[in-house]
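Below you'll find the structure, written out as structure tokens, and then a few comments.
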Amino acid sequence: MSEYVVLTGMSEHVISELKQNRLLTIEIRSPHNFFAAMDLKPGDFLFLTRTCPDDLTGGNTGIVAKLLKTQMSTFRVLQSGEMYHEEREMTTLRLQLDPRCIARVRKVLNNRIGEVSKVDAEEIPLYNAQ
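In the working numbering, the protein residues as written are 518 to 647.
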């Protein structure tokens, strides 16, 4: 059994870059992925998929990648007009990933809102991955 924290709803661009075995740094903003990735440490492996959290099920495919580096950043966003002034803080998490293989979900282990999503996934041999 290979258990992975899963990041869902990744863009086609991210998945495509990882499929080409390219080192890639992504920025996580969505709450479900942010909290899933927050406790990961360099050296951990994770599963990334285009599938949205609600549609995650056995058979979904994605990429297994090794986490090389993390960086958390907080910045302020200012917006104003004649009648208002708004200031917000936004925190993002940057992950540097080294892709390892294409994989398929065998079983969703956890996908509850507010909790870390996890799957049991298996590597797909290259000749089956198309």
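All C-beta atoms, glycine included, are put in the ideal place defined by N, C-alpha and C. All figures in this text were calculated on a predicted structure; none of them were measured in a lab.
Taking Cβ to Cβ, would you say Leu626 is nearer than 8 Å to Leu535? no
Helix, strand or coil: how does DSSP classify Glu632 here? coil
Taking one C-beta from the stretch 544-561 and one from the stretch 601-613 each time, how about it: are there three or more such pairs within less than 8 Å? yes
Rounded to the nearest angstrom, what separates Gln537 and Glu529 at their Cα positions? 12 Å
Report the partner residues of Tyr521 according to the DSSP bridge assignment. Val636
Can you confirm whether the stretch 630-642 touches the stretch 576-591 when touching is taken to mean that 3 or more C-beta pairs between the two stretches lie within less than 8 Å? yes
Would you decide whether Leu563 is buried or exposed? Buried here means 16 or more other CB atoms lie within 10 Å of its CB. buried
State the start and end residues of the unbroken beta strand (DSSP E) segment that holds Asn627. 602-627
Using alpha carbons as the reference points, say which of Gly631, Val622, Ile630, Glu632 lies closest to Leu565. Val622
Given a cut-off of 8 Å, decide if Val633 and Val531 are closer than it, judged by their beta-carbon atoms. no
Quick one: using the 10 Å Cβ neighbour count with 16 as the cut-off for buried, is His549 buried or exposed? buried
Under the three-state reduction of DSSP, which class applies to Ser597: helix, strand or coil? strand
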